[in-house]
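K.L.:
So the sequence shown is numbered by our numbering: it starts at 360 and just counts up by one. From the three backbone atoms N, C-alpha and C, an ideal C-beta is built for every residue, glycine too. Bear in mind that the values here come from a model prediction, so they are computed numbers and not experimental data. Dumping the structure here so I can ask a few things about it.
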Amino acid sequence: MLSEWLKSKQNLLNVILWPSPWPTTQLRSPIKLSVLPHLTFSEALLWRYSSFSLMILVDDAGGEWPVIGHAPWHGCNLADFVMPFFLFIVGMAIPLALKVRIPGKGKAIQKVGFRTLKLLFWGLLLQGGYSHAPDKLTYGVDMKMIRFCGILQRIAFAYLVVALAEIFLKDAQPKDVSAGHFSVFRLYCWHWLVGACILIMYLALLYGTYVPDWQFTVQNKDSADYGKVFTVACNVRGKLDPPCNAVGYIDREVLGINHMYQRPAWRRSRACTVNSPYEGPFKDAAPSWCHAPFEPEGILSSISAVLSTIIGVHFGHVLVHLKGHSERLRQWIMMGIALLILGIVLHFTAIPLNKQLYTFSYVCVTSGAAALVFSAIYILVDIWDLKLVFLPLKWIGMNAMLVYVMAAEGIFAGFINGWYYQDPHNTLVYWIQKHIFIGVWHSRRVGILLYVIFAEILFWAIIAGILHRSGIYWKL
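Have a look at this one:
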């Protein structure tokens, strides 16, 4: 549906960024179901699909294309945008879900708590070590080594904190709000106060926690150093390097070193491997911490990750309260640009971009990028009405949990790999990769990339479309 604003045939970018005269922002309060923005969830579903597709791409092709995989330590590659993009859209959906779909504080708390528990359950089941798919045809986890943290657990924590803040701070909002460019900020000033407290707590712990020397035992049975005990010398405070940061120290003390991720991205760093940024054998003089585990979705970094969700909530508030496309887009784009600039300045001055630590500069850059990407989706889908073009993306967004479990976590590929010929490695997946993609292009890198795009992402888009036509959805 095209608005009268677009029918005026004015240049879109001129109206969004350089209007003259600058219009007055108008608010809707209180919110009524009949006056909700017609955005509905088309852009949210498209965003979720894009994020899941990106996750599949970076997980399955990142080994061959390091530029799209996670940065070994400082820096920000394509894969490092996936988690904050998820958290951003989770936050953006909260105002719509809680303010309209679930009236009443008691029911809202119950809904939030139940959904959080479901996310935690699936996160522990899928990333705790129970499933060995798709590479191994076994399952089961040694409780001594179970991994407590993961992607869904982080999403659950951020969702719980921000959703409860949205519920309990509703009564603290002013009833009468004057119009203005910062009216949404003023209306939800207590939310920003919560965000400021979270940031202060994170920075205080990150730079103020004393990190002593620590020991670990190599648990990788395939390593020549299996069973060896290494000591890492630290005795520092405020360091952001791999071995001696407060994020890792808190996780080791609270979670236990055996319950952390055993193959961190830093193993591909120049300090560790001769093949950096690819995985490979460690250097002879590699420091001892190269063998150590590290939790990329740990406790302190997850506290900082809540900030991505709070920023997403603000964008949801803008969507709910502002009436016109130009008013919404102006708020989103300007804030996105401001966050990008702030994050880049911080990266080159005091706080480097780091997904593993979830530094504040990383929050700003990824949230700014999320704002601009979502604004582009909003223009394409809601203003230019290009919904049909993106219909497959919407389908898979409707079954996001199914795609995450079956594709991103490799459960479906693991099932297919269970049917092999003579050798367990001679599977249908291997045959398709070798003879259809790698063999045709005579390049493993290009072949794997095309396999992921067509045999995984496009395949699941088709499956999701079939399920949508049948009215079958897997939702939390």
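Cutting at 6 Å between CB atoms, please list the residues of its own chain near Leu681, excluding the five before and the five after it.
P.N.:
Closer than 6 Å at Cβ, skipping near neighbours: Arg687.
K.L.:
In this structure, how does DSSP classify Tyr489 when only helix, strand and coil are distinguished?
P.N.:
Of the three classes helix, strand and coil, the one that applies to Tyr489 here is coil, per DSSP.
K.L.:
Taking Val500 as the reference, give the member of Leu483, Leu511 and Ile510 with the closest Cα.
P.N.:
Nearest of Leu483, Leu511 and Ile510 to Val500, Cα basis: Leu483.
K.L.:
Helix, strand or coil: which one does DSSP assign to Ser393?
P.N.:
Any reading at Ser393 is ruled out, since the residue's pLDDT is 33, under 50, leaving its predicted position unreliable.
K.L.:
Rounded to whole angstroms, what's the CA-CA distance from Ser720 to Pro602? Just pull it up for me.
P.N.:
One C-alpha to the other measures close to 20 Å.
K.L.:
Does the distance from the CB of Ile703 to the CB of Val724 come in under 8 Å?
P.N.:
A contact, by the Cβ cut-off of 8 Å.
K.L.:
Can you list the alpha helix (DSSP H) stretches of 4 or more residues lying completely in the segment 571-624, in chain order?
P.N.:
Counting only runs of 4 or more, we get 605-613.
K.L.:
Measuring CB to CB, does Lys464 end up less than 8 Å from Ile526?
P.N.:
Going by C-beta atoms, Lys464 is nearer than 8 Å to Ile526.
K.L.:
If you follow the alpha helix (DSSP H) that Pro751 is part of, which residue opens it and which one closes it?
P.N.:
Unbroken alpha helix (DSSP H) run through Pro751: Leu750 to Met757.
K.L.:
Which of the three DSSP states is assigned to Pro324 in this structure?
P.N.:
Residue 324 cannot be examined here, being either before or after the span of the chain that is shown, 360 to 835.
K.L.:
Using 8 Å as the Cβ pair cut-off and three pairs as the minimum, do the segment 806-813 and the segment 784-795 touch?
P.N.:
Touching, yes.
K.L.:
Determine which residues share a DSSP beta bridge with His836 and list them.
P.N.:
The chain is shown from 360 up to 835; residue 836 falls before or after that span and cannot be answered.
K.L.:
On the DSSP bridge list, what partners appear for Asp782?
P.N.:
BP columns for Asp782 point to Tyr780.
K.L.:
Given that a residue counts as buried once 16 or more other Cβ atoms are within 10 Å of its Cβ, and exposed if not, what is Phe473?
P.N.:
Answer is exposed; the Cβ neighbour count stays below 16.
K.L.:
Quick check on this structure: which residue in Ile831, Asn776, Phe796 and Gly830 has the alpha carbon closest to the alpha carbon of Gly497?
P.N.:
According to the sequence shown, residue 497 is Thr rather than Gly. Selected option, being the one with the closest Cα: Asn776.
K.L.:
Give me the Cα-Cα distance between Phe447 and Ile514, rounded to the nearest whole angstrom.
P.N.:
Their backbone Cα atoms lie some 10 Å apart in a straight line.
K.L.:
Output the distance between the C-alpha atoms of Gly675 and Leu528, rounded to the nearest integer angstrom.
P.N.:
Going by the C-alpha atoms only, they are around 16 Å apart.
K.L.:
Please classify Met502: is it buried, with 16 or more other beta-carbons within 10 angstroms of its beta-carbon, or exposed?
P.N.:
Met502 comes out exposed.
K.L.:
Helix, strand or coil, according to DSSP, for Pro636 in the structure here?
P.N.:
Three-state DSSP puts Pro636 in coil, outside helix and strand.
K.L.:
Since Ser628 and Pro431 should fall inside the 8 Å C-beta cutoff, what is the C-beta to C-beta distance between them, to a whole number of angstroms?
P.N.:
Between Pro431 and Ser628 the Cβ distance is about 4 Å, and since that is below 8 Å, they are a contact.
K.L.:
Quick one: give me the first and last residue of the alpha helix (DSSP H) that Ala767 is part of.
P.N.:
It is not in any alpha helix (DSSP H) - Ala767 carries neither H nor E in the DSSP assignment.
K.L.:
When DSSP labels each residue in this structure, what does Phe641 get in the three-state scheme?
P.N.:
Strand at Phe641.
K.L.:
Could you tell me the alpha carbon to alpha carbon distance between Val606 and Asp782, rounded to whole angstroms?
P.N.:
In a straight line, the C-alpha of Val606 is about 43 Å away from that of Asp782.
K.L.:
Alpha helix (DSSP H) containing Ser542: first to last residue?
P.N.:
Note, Ser542: alpha helix (DSSP H), Ser542 to Leu546.
K.L.:
Do Val521 and Thr668 have their CB atoms nearer than 8 Å?
P.N.:
Yes.
K.L.:
Answer with buried or exposed for Val553, where buried requires no fewer than 16 other C-beta atoms within 10 angstroms of its C-beta.
P.N.:
It is buried - the Cβ of Val553 has at least 16 other Cβ atoms within 10 Å.
K.L.:
Can you tell me whether DSSP reads Tyr832 as helix, strand or coil?
P.N.:
Looking at Tyr832 - three-state DSSP - the assignment turns out to be coil, as it is neither helix nor strand.
K.L.:
In chain order, what residues of the same chain have a beta carbon less than 7 Å from the beta carbon of Thr475, not counting five sequence neighbours either side?
P.N.:
Excluding residues within five positions, the ones whose Cβ falls inside 7 Å are Ala515, Tyr518 and Leu519.
K.L.:
So Ala524 is in the alpha helix (DSSP H); what residue range does that whole segment cover?
P.N.:
Its alpha helix (DSSP H) spans residues Ile510 to Phe527.
K.L.:
Where Leu826 and Ala767 are concerned, what is the direct C-alpha to C-alpha distance, given to the nearest angstrom?
P.N.:
Whole-angstrom Cα-Cα distance: 18 Å.
K.L.:
In or out: Asp572 buried (at least 16 other Cβ within 10 Å) or exposed?
P.N.:
The residue is exposed, with fewer than 16 neighbouring Cβ atoms inside 10 Å.
K.L.:
Short check: CB of Trp424 to CB of Arg803, under 8 Å?
P.N.:
Taking 8 Å as the Cβ cut-off, Trp424 and Arg803 do not qualify as a contacting pair.
K.L.:
To which residues of the same chain is Asp610 closer than 7 Å at the C-beta, ignoring the five residues directly before and after it?
P.N.:
Around Asp610: Met619, Glu654, Gly657 and Ile658.
K.L.:
Of the choices Met414, Gly450, Cys649 and Ile742, whose alpha-carbon is the least far from that of Gln574?
P.N.:
When only C-alpha atoms are compared, the closest one is Cys649.
K.L.:
How far does the alpha helix (DSSP H) with Ser726 in it reach, from first residue to last?
P.N.:
Element bounds for Ser726: Phe719 to Tyr737.
K.L.:
If distances are taken between C-alpha atoms only, which option among Met760, Ile557 and Gly488 comes closest to Val841?
P.N.:
No statement about residue 841 is possible, as the shown extent of the chain runs from 360 to 835 and does not include it.
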